[in-house]
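Input: a single structure, listed below in C-alpha cells.
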Amino acid sequence: MSDLHQRRRGRLFVALAAVAWSTAGLFQRELSVDVATQLAGRALFAALGLLAYVGITERGRVLHAFRAIGRGGIAIVALLAVSSASFLVALNHAPVANVLFMQALAPIIAAALGTLLGEPVSRRTWLAMGVALAGVAVMVGGPGSASWLGQGLSLLMAVSFAATLVITRHRRDVSMAPATCLSQIVVFAAAAPFAHIAHVGAKDATLLATLGVCQIGLGFVFLTIGGRLIPAGEVALITLLEIVLGPIWVWAFLSEQPATATLVGGAIVLVAVLLQAKSDAPSAAVL
C-alpha cells in the first residue's frame, strides 16, 4: 500500500470515528437513567461489541490478541479509562467551554509528544491545529473560568487522550482494539457499583446498546485502524470533527438551533481539517 493511500485511508477511518462519537448527545438526550447507569451500561455494551470485533478480526485467537498488546496496550487501557473518567468529572467542576477548549489542545499535545518520539510535524499541520483551536474558541467562547480541579481534570483528559494516540501510532504493528475493550471493562467496573440496573427499561437498554456498540465501540474500532496509519497530531486534529458534528445532529433530529458562534466556529474547524487533508504531497511530511 502506498504512503498516499495509507494517509487517505487513515484520515477516513479517523473521520468515521469522529462521526460515531459525535452522536453521543443525540442519543443521551433520550436516556432517563442516571449518569452512573449510563456509564456502566454504555461501557458494558462497548466492551461486548469490541470483544466481538476482536474475535472476528483475529479469527478466534482472542487470548493471543489480548496478550499481544504488551506494555503499550496496558498503558492505553489506563489512559483511556483516565480520559473517560476525567472528561465526565471535569464537566461537573468546569464550564463545558473550558472542557471543550482543553479537548482542542489534544492535537498540539499529541504532535509535541510525537515529535519527542522522532515523528516530525509539518508546518501545514501546525497551522491547521492553530486554525482548529481558534475555531473551537469561537464555538465555545474560549476557556471559561473553572476551579483548579476543573482545569486540572480537563488538562488531564487532553493529555491522556493525546498519549493514547501517540502510543497507538508508535505500536502500529499491533492492533490496540483489545486494549480499548479492556478500558471499557475498567470503566464498567468503576461505574457499576453506583448504577441502578433495575431502573433500565427497554428504551434505555436499546439506547445504551446503541451508544456502547455504535458510538463508543465502533468509534474506537475506527480510531485503532486509522490511528496506526497517520501521525498522532493529525489524528487528534481530525477527531475535533466530533465537536463540530455533535450540535449538527441535535439540530437536524431534535430541532435545537445552534448559536451563530457554533456554526462559525465549526466552519473554521472544518477549514482546518480540510487544510490538513490537502497535504497529500510526499514532501509535505517533512516541511
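According to this note's numbering, the stretch in the sequence shown is residues 1201 to 1487, in order.
Note that CB positions come from ideal geometry on N, CA and C, so glycine has one too.
Three-state secondary structure assigned by DSSP to residue i
i, result
"Q1457", "coil"
"V1219", "helix"
"H1396", "coil"
"H1293", "coil"
"I1468", "helix"
"E1230", "coil"
"G1335", "helix"
"E1442", "helix"
"A1481", "Low confidence applies to A1481: its pLDDT is 47, below 50, so where it sits in the model is not reliable enough to give any reading."
"V1340", "helix"
Alpha carbon of residue i to alpha carbon of residue j, nearest angstrom
i, j, result
"L1441", "F1420", "15 Å"
"Q1384", "L1239", "9 Å"
"H1264", "V1374", "11 Å"
"A1278", "R1267", "16 Å"
"A1220", "V1359", "22 Å"
"G1273", "A1236", "26 Å"
"L1470", "T1410", "27 Å"
"F1394", "V1400", "14 Å"
"A1379", "W1326", "29 Å"
"H1396", "V1450", "27 Å"
"L1365", "A1392", "27 Å"
"N1292", "F1361", "19 Å"
"M1357", "I1448", "24 Å"
"F1453", "G1446", "11 Å"
Whole-Å CB distance - residue i paired with residue j, under 8 Å assumed
i, j, result
"R1242", "L1408", "6 Å"
"M1376", "G1466", "No, M1376 and G1466 are not in contact; Cβ-Cβ is about 29 Å, not under 8 Å."
"V1387", "S1284", "6 Å"
"G1249", "V1413", "4 Å"
"A1311", "G1433", "3 Å"
"A1306", "A1436", "4 Å"
"T1368", "A1217", "Their Cβ separation, rounded to whole angstroms, is 11 Å, which puts T1368 and A1217 out of contact at 8 Å."
Per-residue burial, residue i [other beta carbons within 10 Å of its own, 16 or more giving buried]
i, result
"Q1351", "buried"
"Q1415", "buried"
"L1317", "exposed"
"Q1476", "buried"
"R1271", "exposed"
"R1211", "buried"
"T1257", "exposed"
Min CB distance residue i to chain C below 7 Å
i, result
"W1326", "Protein chains in the displayed structure number just one, and chain C is not present."
Practice task
Flag this pair as touching only if the segment 1396-1407 and the segment 1221-1232 have three or more C-beta atom pairs under 8 Å; answer yes or no.
Solution key: In short, these stretches touch, since the Cβ pair count reaches three.
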